[in-house]
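Chemist: For the sequence shown, this note's numbering assigns the number 448 to the initial residue and increments by one for each residue that follows. In this text, a Cβ means the ideal position worked out from N, Cα and C, and glycines have one as well. One structure coming up, written as structure tokens, with questions to follow.
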Amino acid sequence: DVSTSIDNVSSVLNAFGMDASQAGGMLDVLNSVGQSTGLSMDTLSTDLSQNAAQLKAMGFNATQSAQFLGNVEMSGLDVGTAMAAMKKAMNNATKDGKTLDQALGDFSTTMKSNKSDTEKLQAAYDLFGSKGGAAIFNAMQTGKLSLDGFSSDMSSFKGNVETTFNDTLDPID
448 DVSTSIDNVS SVLNAFGMDA SQAGGMLDVL NSVGQSTGLS MDTLSTDLSQ
498 NAAQLKAMGF NATQSAQFLG NVEMSGLDVG TAMAAMKKAM NNATKDGKTL
548 DQALGDFSTT MKSNKSDTEK LQAAYDLFGS KGGAAIFNAM QTGKLSLDGF
598 SSDMSSFKGN VETTFNDTLD PID
């Protein structure tokens with residue numbers, strides 16, 4: 448439904464303080480994240496709009512937010528649980544004099560280390576709190592969630608919608 452898609456993208460643009468000139472780039476981002484995660488663009492754009500204030504407070508732009516929410520949905524985590532855990536992580540990082548990026552980087556390093564599962568779980572509780580820590584730990588331990596490598600630049604998604612369209616022109620595809 449084109450009008451619903453337009454409304455959803457417009458809502459995302461407004462929520463992240465972007466102007467209409469960035470709509471094409473945002474569509475490319477949403478389409479790419481949807482293709483890589485299996486998440487519908489409607490669900491993704493709704494999640495982005497509803498969580499924009501918190502995602503921006505965490506230092507994510509619209510592109511990073513779309514990738515993060517796509518990863519969360521694909522991992523099987525509830526978006527509400529993940530957002531609450533990230534809010535707690537942001538508060539804990541600030542208390543420790545770190546940015547959220549630094550705290551997430553340290554946690555990712557811990558998860559990739561040779562530490563015991565108990566130590567890794569404790570690190571998750573320390574950063575994400577008692578409610579979200581176990582969920583984040585489990586998703587990362589099983590490889591379903593990664594907190595690394597979100598592109599902040601829309602240009603890396605440029606042309607995704609057009610490429611998808613062109614790829615569907617051949618009946619064999």
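Counting pairs of Cβ atoms below 8 Å between the region 518-528 and the region 536-548, do you hit three or more?
Modeler: Contact between the region 518-528 and the region 536-548 is absent, because fewer than three Cβ pairs lie under 8 Å.
Chemist: So, helix, strand or coil for K562, using DSSP?
Modeler: If DSSP states are grouped into helix, strand and coil, K562 belongs with coil.
Chemist: Considering only residues of the same chain and omitting the five flanking positions on each side of F597, which have a CB-CB separation below 7 Å?
Modeler: Model confidence at F597 stands at a pLDDT of 49, short of 50, so the residue's coordinates are unreliable and nothing is read from them.
Chemist: To the nearest angstrom, how far is the alpha carbon of A536 from that of D573?
Modeler: The alpha-carbon atoms of A536 and D573 are separated by roughly 8 Å.
Chemist: Roughly how many whole angstroms lie between the Cα atoms of A586 and F463?
Modeler: For A586 and F463, the distance between alpha carbons rounds to 27 Å.
Chemist: How long is the line joining the alpha carbons of T557 and K567, rounded to whole angstroms?
Modeler: So the two alpha carbons sit approximately 6 Å from each other.
Chemist: I'd like the list of long-range same chain contacts for V608, defined as Cβ closer than 6 Å, with 5 residues on each side in sequence excluded.
Modeler: Per-residue confidence for V608 stands at a pLDDT of 48, beneath the threshold of 50, marking its modelled position as unreliable; the derived number appears in the next sentence. The answer, listed in chain order, is L474, D475, N478.
Chemist: Do A581 and A571 have their beta-carbon atoms positioned less than 9 Å apart in this structure?
Modeler: In this structure, A581 lies closer than 9 Å to A571 by Cβ.
Chemist: Closer than 8 Å by C-beta to E520: which residues in its own chain qualify, once you throw out the five before and the five after it? Chain order, please.
Modeler: Here the set comprises T484, L486, T490, L491, D494, V526.
Chemist: Report the three-state DSSP secondary structure of M587 (helix, strand or coil).
Modeler: Reduced to three states, the DSSP call for M587 is helix.
Chemist: Note down the Cα distance separating N518 from S450, rounded to an integer number of angstroms.
Modeler: The alpha-carbon atoms of N518 and S450 are separated by roughly 26 Å.
Chemist: Between the alpha carbons of K559 and G552, how many angstroms are there, rounded?
Modeler: Cα to Cα, the separation comes out at about 11 Å.
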